[in-house]
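Inspection log for the structure reproduced underneath, given as structure tokens.
Residue numbers (the numbering used here): 219 to 359.
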């Protein structure tokens, strides 16, 4: 398994995994001519490659906290192809994220996970994350 940063040629594999992992988002409604996920420097995307195909994907947003004057990582879209789950793919991606975070002087990693995603929550606890007592508020505009 190879963990590396996303490149445009990964798009089809990433899009497939995102649709499978997050059906509630409705990605099939987005136009297929979207062929790039390239973002600005405040984002880092990781892919896991096995058998010459993309089998895992994660998006990391770098967030600067002006009060403590440190960068923190917010992790989104942790997903692994269903046929590659329980093979250490997500753990490998998180290992690379932690390595990069230490190099960036990051204070903490943070993510959210829906209560119904029990396997994901178990993984995060296994990787050393703790559950915070807070609620997320959202207003759709």
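Glycine included, every Cβ here is placed at the ideal spot set by N, Cα and C.
As the structure is a computational prediction, the values presented were derived from the model and not from experiment.
Tell me the residue span of the beta strand (DSSP E) that contains residue i.
{"i": "residue 309", "result": "That residue, residue 309, is in no beta strand (DSSP E); its alpha helix (DSSP H) goes 307-321."}
{"i": "residue 343", "result": "No beta strand (DSSP E) contains residue 343, which is instead part of the alpha helix (DSSP H) from 336-344."}
{"i": "residue 298", "result": "288-298"}
Bridge partners for residue i per DSSP, in chain order?
{"i": "residue 267", "result": "220 and 272"}
{"i": "residue 280", "result": "291"}
{"i": "residue 329", "result": "293"}
{"i": "residue 262", "result": "278"}
Report the three-state DSSP secondary structure of residue i (helix, strand or coil).
{"i": "residue 232", "result": "helix"}
{"i": "residue 237", "result": "helix"}
{"i": "residue 252", "result": "For residue 252, the predicted model reports a pLDDT of 48, less than 50, meaning its position is unreliable; a value from the coordinates is still stated below. Coil."}
{"i": "residue 226", "result": "helix"}
{"i": "residue 348", "result": "coil"}
Any heavy atom of the ligand NAP inside 7 Å of the beta-carbon of residue i?
{"i": "residue 231", "result": "Absent from the structure shown: the ligand NAP. Ligands present: none."}
Would you check if the distance between the CB atom of residue i and the CB atom of residue j is smaller than 8 Å?
{"i": "residue 174", "j": "residue 281", "result": "Past the edges of the chain, shown from 219 to 359, lies residue 174, and the structure says nothing about it."}
{"i": "residue 275", "j": "residue 327", "result": "no"}
{"i": "residue 307", "j": "residue 272", "result": "no"}
{"i": "residue 264", "j": "residue 295", "result": "no"}
{"i": "residue 323", "j": "residue 288", "result": "yes"}
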